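Peer 1: Quick one: this structure, given as structure tokens, is what I'll be asking you about.
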Amino acid sequence: MKNLFTALIEHKEFKKSRPWTVVRQRYDSAVISTPHYAETIEILVCKDISGSAYIDGVKYDMSGQKVFYIAPMTVHSFEYQHSEGTVAVIKIHIEMMRKFLDVDSLFAQYGATVADPTALQTDYSVFAQSAEKMESDDVSEALIGVLSIIRTLATGEKKKPSAPATAGHDVAINDIIAWTEQNHRRKILLNEVAGHFGYTKNYFCDMFKKSTGTTWLRYLNNLRISSACAMLRRGEPVKNVCAECGFETDSHFINLFKKTVGVTPKQYQKSFKMGADL
2 MKNLFTALIE HKEFKKSRPW TVVRQRYDSA VISTPHYAET IEILVCKDIS
52 GSAYIDGVKY DMSGQKVFYI APMTVHSFEY QHSEGTVAVI KIHIEMMRKF
102 LDVDSLFAQY GATVADPTAL QTDYSVFAQS AEKMESDDVS EALIGVLSII
152 RTLATGEKKK PSAPATAGHD VAINDIIAWT EQNHRRKILL NEVAGHFGYT
202 KNYFCDMFKK STGTTWLRYL NNLRISSACA MLRRGEPVKN VCAECGFETD
252 SHFINLFKKT VGVTPKQYQK SFKMGADL
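In our numbering, the protein residues as written are 2 to 279.
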């Protein structure tokens, strides 16, 4: 099955002793993630990656050696092209980190907050070395890496890249995401969602694409497919899933599901049932 990037708010489980993770990724083919957000700090340490990062409505070039900081609850998405580079994705759960350090208080001491900056361009080597420490099996050694990153964010020079590829639009993307999540199970026309936020259809489509790297219709469909996957895993009949997730016909749902996930809804559901029976 293909990787399905969920359009819902991202929930990630952390160990109490390690409220942080580091995941290293390569991209052998083009990948587009749908807009999403999370309650964690997210930091991308990019080396020779081809693609674009869309963070809080601003598009950034990811080539070379760069670091991007994504504050909690900030909408972001990525458009990766095939490359030989790597991305180290660092996630830190602020609330759980209080066991080790009051992150908000540390930021405040230096006149900063967790929400600022949204993106940063700073010494790549500092974050690359800290990410390696965070992967250590020794919790004490890993914690040193986490603290190094947090200290750098709080005290270092923080600035947005000097020339982002595209300026963001003055729009609350979070509100559009939230509205779509609340209404995606019913029929929605582009004119309706555009009008709800006071835009023409053409302007809305252009704004959403430039701010997130994907179209609103693709985002809506991915959101519906994500919900369908959850229902199928619970054993719901395919026909019920189709109706509950906003698809007008079974054939449209099945075709889009296979195109997105790589298998039919029944095959997807069967694979989970077989796993449960083992």
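Every residue, glycine too, gets a C-beta built ideally from N, C-alpha and C.
Remember, predicted model here, so these are calculated numbers, not experimental data.
What is the rounded straight-line gap between the Cα of Ile71 and the Cα of Pro266?
Peer 2: Locating residue 71 in the sequence shown gives position 70, where the first residue counts as 1. Locating residue 266 in the sequence shown gives position 265, where the first residue counts as 1. Approximately 34 Å between the Cα atoms of the pair.
Peer 1: With a cut-off of 8 Å on the beta carbons, I'd call Ala54 and Ile91 a contact; round off their distance for me.
Peer 2: Locating residue 54 in the sequence shown gives position 53, counting from the first residue. Locating residue 91 in the sequence shown gives position 90, counting from the first residue. Not a contact, Cβ separation roughly 14 Å.
Peer 1: Between the beta-carbon of Gly86 and the beta-carbon of Ile44, is there less than 8 Å?
Peer 2: Reading the sequence shown from its first residue, position 85 is the one you call residue 86. Reading the sequence shown from its first residue, position 43 is the one you call residue 44. No, these two residues do not count as a Cβ contact at 8 Å.
Peer 1: Would you mind working out which of Val115, Pro238, Leu224 and Glu249 sits nearest Ile177, comparing C-alpha positions?
Peer 2: Here residue 177 corresponds to residue number 176 of the sequence shown, with the count starting at 1. It is Leu224.
Peer 1: Could you check what DSSP says for Ala168 in three-state terms: helix, strand or coil?
Peer 2: For the purposes of this step, residue 168 is identified with residue 167 of the sequence shown, where counting begins at 1. Only weak support exists for where Ala168 lies, its pLDDT of 44 falling under 50; the value from the coordinates is given anyway. Ala168 falls in the coil class under three-state DSSP.
Peer 1: Looking only at its chain, what residues have a beta carbon closer than 8 Å to the beta carbon of Gly302, apart from the 5 residues adjacent to it on each side?
Peer 2: Since the first residue shown for the chain is 2 and the last is 279, residue 302 is missing from the structure and cannot be characterised.
Peer 1: Assuming Ile93 contacts Val46 (C-beta within less than 8 Å), just tell me the rounded distance between them.
Peer 2: Along the sequence shown, read from residue 1 onward, the residue named residue 93 stands at position 92. Along the sequence shown, read from residue 1 onward, the residue named residue 46 stands at position 45. That pair is no contact at about 13 Å.
Peer 1: Use the C-beta contact count for Asn222: other C-beta atoms within 10 angstroms, 16 or more gives buried, fewer gives exposed.
Peer 2: To locate residue 222, count along the sequence shown from 1; it is residue 221. Burial call: buried.
Peer 1: I'd like to know if the region 136–147 and the region 15–25 are in contact, where contact means that at least 3 CB-CB pairs between them fall below 8 Å.
Peer 2: yes
Peer 1: Give me, in chain order, the residues of the same chain whose beta-carbon lies closer than 7 Å to that of Glu245; leave out the 5 immediate sequence neighbours on both sides.
Peer 2: As a working note, residue 245 is residue 244 in the sequence shown. Excluding sequence neighbours, Glu245 sits near Arg186 and Met232.
Peer 1: In this structure, does DSSP put Gln82 in helix, strand or coil?
Peer 2: Position 81 of the sequence shown, counted from the start, is the residue given in the question as residue 82. In this structure, Gln82 counts as coil in the three-state DSSP scheme.
Peer 1: Which whole runs of the beta strand (DSSP E) in the region 168–213 are 3 residues long or more, in chain order?
Peer 2: Secondary structure in the region 168–213: no beta strand (DSSP E) run of 3 residues or longer lies completely within the stretch.
Peer 1: Hey, quick one: how far does the beta strand (DSSP E) through Glu43 stretch, first residue to last?
Peer 2: On the sequence shown, position 42 is the one that residue 43 refers to. Glu43 -> beta strand (DSSP E) spans Ile42 to Lys48.
Peer 1: Sort out for me which residues DSSP pairs Lys16 with in a bridge.
Peer 2: Within the sequence shown, residue 16 is the residue found at index 15, counting from 1. Arg19, per the DSSP bridge assignment.
Peer 1: Measure the CB-CB distance between Val76 and Ile226 and report whether it falls below 8 Å.
Peer 2: On the sequence shown, residue 76 is found 75 positions in, with the first residue counted as 1. On the sequence shown, residue 226 is found 225 positions in, with the first residue counted as 1. Against a cut-off of 8 Å, the Cβ pair of Ile226 and Val76 comes out as no contact.
Peer 1: Around the Cβ of Ala229, are there at least 16 other Cβ atoms within 10 angstroms (buried) or fewer (exposed)?
Peer 2: In the sequence shown, the residue the question calls residue 229 occupies position 228. Buried, by the Cβ-count rule.
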